[in-house]
Amino acid sequence: MSTPPVKKGELVDLQIEKFADRGKSLAHIDGYVVFVPGSVPGDRVRVRVTRRRRGYAEGRVEELLEPSPLRVTPRCEYFGTCGGCTWQHIGYETQVASKWESVRDAFVHTGGFDLDAEGIELLPAIPADRPFFYRNKMEFSFGAQRWVTDEEIASGVDLDRGFALGMHVPGRFDRVIDLQVCYLQSELSVAIVNATRDIARERGWEPWDVRTVTGYLRHLVIRTPRHTDDVMVNLVTNGYDEDRIGEYAAFLQSRFPEVTTLVNTVNTGVAQVAFGEEARVVYGPGLVRDRIGRFTFEIGPGSFFQTNTEQAEKLYSVALEFAELRPDDLVYDLYSGVGSISLFLAEHARHVVGIELIEEAVVAARRNAELNGVSNATFVVGDMLEVFGEELLDEHGVPDVLVVDPPRSGMHPKVVERIAELGPERLVYVSCNLQTQARDVAMLRDAYRVEVVQPVDLFPQTFHIESVARLRRR
Ligand code: SAH
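First residue of the sequence shown: 1287, per the numbering used here; consecutive thereafter.
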C-alpha cells in the first residue's frame, strides 16, 4: 500500500464531505480518509493532522475557512468545550437526517446488508418534539481544577480556579467546566447547580481533587421527571458529614421547596462515579416517580431510567408494534433493566419473562409490575450467558417473541447463537449502539430476515440514536 499523503503535525486544507461514525466528519485526499471531529459536511477547513495511520488520519480544525450552510449558531456558550453536547452547531433537522444515515451506514458497512436487494425497510427517524430541555437526569461534577474557557479569560474577570461545578471537558477527567447555564435539563436544575455552588463556596466545602484524592463534594445528580412534580437532588460526597449535609438540607428546603427528596450518596472510592457505598435519604421518600405511557415507575438514586421520558415512550411503542403480539404469546425481554419494556408488552401478551443482570434493577422491575397491577410478568436475575438456557426454557416455556435491549457492547456471540438455535418467530432488537446492533443482526442472517428498522432520537444535540429492528425467522 502507498504511503499516506499527509504527515503528523502537517496543516492541510480540506473540503468536508460527510458525517462519519460517532459524530465525526470526514474528507478525502486522493482516496485517503481524514476524520475531523467538530467539522460539518460542506465546511472548508484548515486542519492540523493529529494522528496518522495506514488507512486513515485524524485532524483538528485550526481554522474554519468557509462554514457549511448546515451550520447554526450553538445556543450554549460552553459548546465546543463541554462534554455534554457534541452537535449544537448543526440544526436539529440536519442532526436527525445524519443520524438516519448513520443507521443505514451501520447496516451496510458493519452488517454487510444490501437494504434494497434484501427488502429491508429503513423508516425515517422519529425526531424529538423538544430538542432542548429534554433530560430528566443530569450528573454534574465538582472539581478542584477548573477549566477556564477562552471566553472566561477574555472577560478579564478574576476567576477562582480552584472550584468548579459543572461538566467534564471530554477526555480530561481532571478538568471541570464551571457551568452557569445548560439547556439540556431544566431551568430549575441550573438554578440548583448555581445555588449549590454559591453555598459550597461560601461555607468553604472543598470540591473533589482528583490529584490528591481529597475534598468533600464529588457530584450533584438532579432528577426532574417529566410527568410528575417530583424532584430529587443527590449530593455525592466523600464521607458522611452530618453537620454539612444538615446545613445543605436546610438550605435546599428554604430556597427550593420544589425539591421533594434529598439523598446523600457516600463515595470514598477513587473511581469518578456518581454512585457509591451508601445512599442515605436525608429528607423525602428517597425516590421519584415518572410515567411512560400509562405506567408509573419508581426511580431510586441508583436506578437506570431512560433520560428522555417522552422519547422513551415512542421507543417502547415502536418495540411493542414491531413485536406484533397476540394475546397468547409468551415473550422474553432480554436485558430488561427496571422492566419498562416488559410492562409495555405485558398487557398484550400471555406472559413476559424479563432477564437482567443487576439484582437491584430486578427488584425495581418486580415493584414496578406490582405498582401498575401487572401480574403476568416474571423477572429473573442473572448474566444472560448463564441464565438464558435450557433450564429457563423448561421452567418458563419456549418464547414466541424475543425482545432484546442490550448494553452498548451488544450481545455476547454465544447469546446470539442461542437465539438462532432457539428460533422464536419474531425478534425485536432495541439498541443504543448501531455498530453492535448491525454486527449481532448480521450474525443472525441465516436464521432471520431483517424486515424493518426504526431509528428513534432520544438524544438531541448529540450523535447518539436508538434503533429498533424487527427480524423474522426465515
Ligand atoms: N430495557 C431496559 C434497560 C436496557 S439497558 C430499559 O429500557 O429500561 C441494558 C440492560 O442490560 C442494563 O439494565 C444492564 O444491567 C443489563 N445487562 C448488561 N449486561 C448484562 C448481562 N450480561 N446479562 C444480563 N443483563 C445485562
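Every residue, glycine too, gets a C-beta built ideally from N, C-alpha and C.
Query	Result
Exposed unless 16 or more other CB atoms sit within 10 angstroms - verdict on Phe1393	buried
Beta-carbon proximity check, Leu1573 vs Thr1547, cutoff 8 Å	yes
DSSP state of Gly1345 mapped onto helix, strand, coil	strand
Ligand 1 heavy atom lying under 7 Å from the CB of Ala1655	no
Contact between the stretch 1295-1313 and the stretch 1322-1337 (3+ Cβ pairs under 8 Å)	yes
Whether Ala1557 touches Pro1587 by CB criterion (8 Å)	no
Check: Pro1493 C-beta below 7 Å from any heavy atom of ligand 1	no
Rounded C-alpha distance that separates Val1331 from Glu1352	7 Å
Cβ-heavy atom distance, Phe1418 to ligand 1, below 7 Å	no
Which of helix, strand or coil DSSP assigns to His1395	helix
Exposure label - Thr1554; buried when at least 16 CB within 10 Å	exposed
Beta-bridge pairing of Asn1550 - partner residues as DSSP gives them	Leu1521 and Arg1566
Beta-carbon gap between Glu1348 and Glu1437 smaller than 8 Å	no
For Leu1713, the first and last residue of its enclosing beta strand (DSSP E)	Arg1712 to Ser1717
Ala1609 versus Asn1524 - alpha carbon distance	46 Å
Contact test: Met1670 Cβ vs ligand 1 heavy atom, cutoff 7 Å	yes
Proximity test, Asp1743 beta-carbon vs ligand 1 heavy atom, cut-off 7 Å	no
beta-carbon Val1763 near ligand 1 non-hydrogen atom, thresh 7 Å	Summary: the structure shown does not reach residue 1763, with the chain confined to residues 1287 through 1760, and so no result is reported for it.
Boundaries of the alpha helix (DSSP H) in which Ile1705 is found, first to last residue	Pro1699 to Leu1708
Cβ neighbours of Val1667 in the same chain (closer than 6 Å, five flanking residues each side left out)	Glu1645 and Val1648
Sequence-distant residues of its chain with Cβ nearer than 6 Å to Pro1511 (five each side left out)	Asn1422, Val1574 and Asp1576
Three-state secondary structure (DSSP) of Glu1765	Not covered by the structure: residue 1765. The range shown for the chain is 1287 to 1760.
Presumed contact (8 Å Cβ cut-off) between Asp1619 and Val1689, rounded CB distance	5 Å
The alpha helix (DSSP H) enclosing His1682, as first and last residue numbers	Glu1676 to His1682
Beta-carbon contacts of Glu1494 that lie in its chain and below 7 Å, excluding the five residues immediately before and after	According to the sequence provided, residue 1494 is Trp. The question's Glu does not apply to it. For Trp1494, where only same-chain residues beyond five positions count, the Cβ hits under 7 Å are Phe1428, Gly1429, Ala1430, Gly1501, Leu1503, Arg1504 and Asn1524.
Arg1725 - DSSP class collapsed to helix/strand/coil	helix
Assigned secondary structure, Ile1644 (DSSP; H/G/I helix, E/B strand, else coil)	coil
is_contact[Gln1539, chain B] using C-beta, thresh 8 Å	In the displayed structure, chain B is absent; only one protein chain is listed.
Closest Cα partner of Pro1746 within the set Ala1383, His1314, Glu1404 and Met1453	Ala1383
DSSP three-state assignment for Tyr1618, whether helix, strand or coil	strand
Three-state secondary structure (DSSP) of Tyr1502	coil
Any 3 or more C-beta pairs closer than 8 Å across the stretch 1388-1403 and the stretch 1717-1731	yes
6 Å Cβ shell around Val1601 - same chain, five flanking residues per side excluded	The question names Val, but residue 1601 is Leu in the sequence shown. Here the set comprises Val1742 and Glu1752.
For Gln1740, three-class secondary structure by DSSP	strand
Neighbour-count burial assignment, Ser1388, 16 or more Cβ in a 10 Å radius	buried
Reduced DSSP category for Ala1651 - H, G, I as helix; E, B as strand; rest coil	helix
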